[in-house]
Every structure is written in structure tokens, then in C-alpha cells.
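Quick note, the sequence shown lines up with residues 549 to 874 if you use this note's numbering.
C-beta atoms are modelled at their ideal positions from N, C-alpha and C, and glycine is treated no differently.
It should be emphasised that the depicted structure is a prediction, and the values quoted were computed from it without experimental measurement.
For reference, the structure is listed below as C-alpha cells.
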Amino acid sequence: MSILTLNSGSSSLKASLFLEDGQRENFRYEHIGHDHFKNHAKAFEQLLQDLGDAKPAVVGHRLVHGGDVTEPARLIDNNERMRLENIVHLAPLHMPSNLLGIDLCEKQFNCPQIACFDTAFHHTLPELAYRLPIPQTFQLRRYGFHGINYAYIARQLPSLLGKTATGSIVVAHLGNGASLCLLENLLSVDTSMGYSPAGGIPMGSRSGDLDPGVMLKLAEHLNPNELSTLVYEKMGLLALSDGESSEMSVLMKSQSKAAIFAIDYFARQVRAAIGSFAAKSGNIDALVFTGGIAEHSAPIRAMICEPLAFLGFSLNVSANTQHAVC
549 MSILTLNSGS SSLKASLFLE DGQRENFRYE HIGHDHFKNH AKAFEQLLQD
599 LGDAKPAVVG HRLVHGGDVT EPARLIDNNE RMRLENIVHL APLHMPSNLL
649 GIDLCEKQFN CPQIACFDTA FHHTLPELAY RLPIPQTFQL RRYGFHGINY
699 AYIARQLPSL LGKTATGSIV VAHLGNGASL CLLENLLSVD TSMGYSPAGG
749 IPMGSRSGDL DPGVMLKLAE HLNPNELSTL VYEKMGLLAL SDGESSEMSV
799 LMKSQSKAAI FAIDYFARQV RAAIGSFAAK SGNIDALVFT GGIAEHSAPI
849 RAMICEPLAF LGFSLNVSAN TQHAVC
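Rendered as C-alpha cells:
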């Protein structure tokens, strides 16, 4: 029996085929919307070609949003598929491609499919962290995202940090989508993203947190669909770099003032989020970097860590350059 897992991100598609003999085949399609793949449909088309005659017995999907569901995973039957369709508005940049993958696999493989929710890990958030300062009659709250990755990090920390792992740990997931999570006793107690994956720190093309007055002003000029497109696809690094790129790797190679400004702004906001967690927890025992930007960019890690020396951080320059434990 083989198992196929799919992770459809905002600008990437990653898949792994786990074979009966214990081997694993990985498939990765990056920069969707920029390079070879103009959209996720084209990336899925390539994946199905690359899978060849493979017929997985089960397909697992990373779903960005699970709504109010607290279970980490669910079988995708007709009722669950309909429920997911009804919460697309909660993550409009991700959910359409997530559902596209489900539908294509249903047609191609006709096998059981499992949804694994990115929001479920954050069900341990205390009310002080998840409640919004708006009337509760609206039934809106902060959810948090990137939970599957944070759950993985939490499982790995004891072997890396020993007893320190149960302390106050900040995990910075920095990629095209980016968020931070505060762990205590290996559980999520705060996170930078909120009601939607557009909140928190600025991202590749997503705004991050904005003054509500800014949104009200923009709403005077844009209809809801236009405003949603702006927030999810035309803000963040793309806007800060004056349209040069939403890709940090591209901006890091650029010498333009706009690119340098976007990078500085991003690092500053990440530092601010870390400082906020330090104030809430009283101390930080460790800082963990994950995600495409954080894993592969030593300069970005240095820009984040070096000004935070007052929190007790010291960066091993050699280890940082080698992408090792600092």
C-alpha cells in the first residue's frame, strides 16, 4: 500500500509518495504564479504526470483552515467536502488550491482522502490569545496557522533541547507565508496570525496586520473582491518593494532601494513579534527558525537575531553561515 501526501501552499506544491518498501519519492513545485507554473492547476497537472502509474491507497492533504474543528484530521466524505467549500472565504489564497487537489485526486485515484488541518494545533490557545476585541455576537476569533509544521517542531524539540524544550520557545515560520508561534510546555499559547492567514507579520504578497482605519479607507475605493485581492495578492513584500517581487530570494539579490527597504521592514516586524512574545511570556528560552526564508537565508536570520541581543540571544556567525544550530 502506498500513501500520497499533498501540501499546497500559497506559491508552492509539495508532495510525497510513501511506498510499501519504506521508500519515499518527493515532488516539489516552487514559485507557482511566477516561473514554469502560472497557477496551481498547472502544478497539479505536472504532479499527476510525474506520479506516472502510481495508485495510492490513501491521500493526505494539508488543509490551511479547518474552521472551528479541533481534531487534527478528518476523513473527506461528501459532507466534509461541502463543509470545506463553505469556509473557503477564511483562507481565499489557499483553500481553492487545497480543494482542487482533493477533487483531482478523487477523480484520478478514487481512494480515501484525509484532511489534516493547519489550525488544529492552535486549539490550546488561551482565551487571552484567541479572543478579538469585538462583540462576541460576530463569532469571530483568532485561529493561528502553520500548525502542522509547529506540531512537528514541538515533537522534535525534546531531542534537541532536552528540558529546555518545555520552556518558552518562539518558532518563526518564515516563507512566502509567515507566522510566529509561542510554545510553552510544547503547546501553542500565542501566534502572530489571527482570524485569517493574512494577519501578523507582512508576507510575500499578504499584508500582515493593518490599522482598521486603513481597511475602511481602502473600502471606500474598492469592492469586497478587489479588497480581498489587494490584501492577499498585492501587499506585503511585493508592495514594500514597489512591485519588484514577492520573493525574498529575488529581493536579496537586488540592489534597489525598494528591495532593501522591504527586507529591512520584514526583519523589523519579525523582531517586533519576537519581542512581543518575550513580553508576554517573561523570557524566551530558544528561538527556532523554519520555512523557506528562515531555513535558507543566513543574512535574514542575522538581521533578526543580532538586534535582539538584549533578550539574551547570541548568534554564532559560523554556524549561522552553515545553516547549523546557533
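Boundaries (first-last residue) of the alpha helix (DSSP H) holding residue i
i: TYR691; result: That residue, TYR691, is in no alpha helix (DSSP H); it is neither H nor E in DSSP.
i: CYS853; result: 846 to 853
i: VAL818; result: 805 to 829
i: LEU799; result: 796 to 801
i: SER866; result: 865 to 869
i: GLU675; result: 675 to 678
i: VAL737; result: First-last for VAL737: 735 to 739, but that is the beta strand (DSSP E), not the alpha helix (DSSP H).
i: LYS562; result: Element bounds for LYS562: not the alpha helix (DSSP H) but the beta strand (DSSP E), 561 to 566.
i: ALA787; result: 784 to 788
i: PHE592; result: 588 to 599
i: GLU628; result: 626 to 633
i: ALA767; result: 760 to 767
i: SER776; result: 772 to 781
Residue i to residue j span [Cα, whole Å]
i: PRO772; j: GLU781; result: 14 Å
i: ASN587; j: PRO681; result: 37 Å
i: ASN868; j: LEU567; result: 35 Å
i: ARG576; j: HIS721; result: 19 Å
i: LEU552; j: GLY860; result: 43 Å
i: GLN870; j: CYS853; result: 16 Å
i: LEU778; j: ASN831; result: 37 Å
i: MET796; j: LYS655; result: 36 Å
i: LYS765; j: GLN684; result: 25 Å
i: LEU638; j: TYR743; result: 8 Å
i: GLY600; j: GLN594; result: 10 Å
i: GLU675; j: ALA842; result: 29 Å
i: SER804; j: ALA787; result: 14 Å
i: ALA826; j: ALA677; result: 14 Å
i: VAL636; j: PRO644; result: 7 Å
i: MET549; j: TYR700; result: 24 Å
i: HIS642; j: VAL865; result: 36 Å
i: LEU708; j: CYS653; result: 37 Å
i: ALA807; j: SER845; result: 15 Å
i: LEU623; j: SER862; result: 45 Å
Top-ranked residue by Cα proximity to residue i, from the options
i: GLU544; options: SER559, LYS586, VAL612, PRO604; result: The structure shown does not extend to residue 544, since the chain is modelled only from 549 through 874, so no value can be given for it.
i: GLY614; options: TYR691, ALA591, SER550; result: TYR691
i: VAL873; options: ARG849, ASN627, GLY840; result: ARG849
i: HIS694; options: LEU688, GLY840, GLN870, PRO760; result: GLY840
i: ASN733; options: SER645, GLY710, HIS844, ALA726; result: GLY710
i: ALA591; options: THR618, LEU561, ASP601; result: LEU561
i: ILE749; options: GLY723, MET763, SER707; result: GLY723
i: SER829; options: THR685, LEU599, THR714, GLN687; result: THR714
i: TYR813; options: SER755, SER866, LEU596; result: SER755
i: ARG689; options: ASP616, SER564, PHE825; result: ASP616
i: ILE822; options: VAL836, ASN555, ALA810, ILE811; result: VAL836
i: LEU554; options: PRO640, GLN687, GLN661, THR618; result: GLN661
i: SER789; options: ILE624, ASN864, GLY752; result: GLY752
i: VAL607; options: ALA589, ALA810, PHE657, PRO640; result: PHE657
Boundaries of the beta strand (DSSP E) in which residue i is found, first to last residue
i: HIS721; result: 716 to 722
i: ASN555; result: 551 to 556
i: ILE838; result: Per the sequence shown, residue 838 should be read as Thr rather than Ile. Where THR838 is concerned, the enclosing beta strand (DSSP E) stretches over 834 to 838.
i: PRO573; result: Looking at the sequence itself, residue 573 is Glu, so the reference to Pro does not match. It spans 572 to 577 - the beta strand (DSSP E) in which GLU573 sits, taken as one unbroken run.
i: GLU792; result: First-last for GLU792: undefined, no H or E at that position.
i: ARG622; result: 621 to 623
C-beta atoms of residue i and residue j nearer than 8 Å
i: PRO745; j: ALA668; result: no
i: HIS609; j: GLY649; result: yes
i: LEU611; j: ASP569; result: no
i: LEU728; j: VAL737; result: no
i: LEU705; j: ILE717; result: yes
i: ARG819; j: PRO760; result: no
i: GLU628; j: LEU647; result: no
i: CYS659; j: ILE696; result: no
i: ALA702; j: LEU673; result: no
i: LEU785; j: SER794; result: yes
i: MET783; j: PRO847; result: no
i: GLY557; j: GLY747; result: no
i: THR739; j: HIS670; result: yes
i: ALA815; j: MET763; result: no
i: HIS579; j: SER564; result: no
Sheet register partners of residue i (DSSP bridge)
i: VAL607; result: LEU552, GLN661
i: ARG703; result: Answer is none; ARG703 lacks a bridge partner.
i: LEU731; result: ILE717, SER736
i: ALA726; result: LEU722
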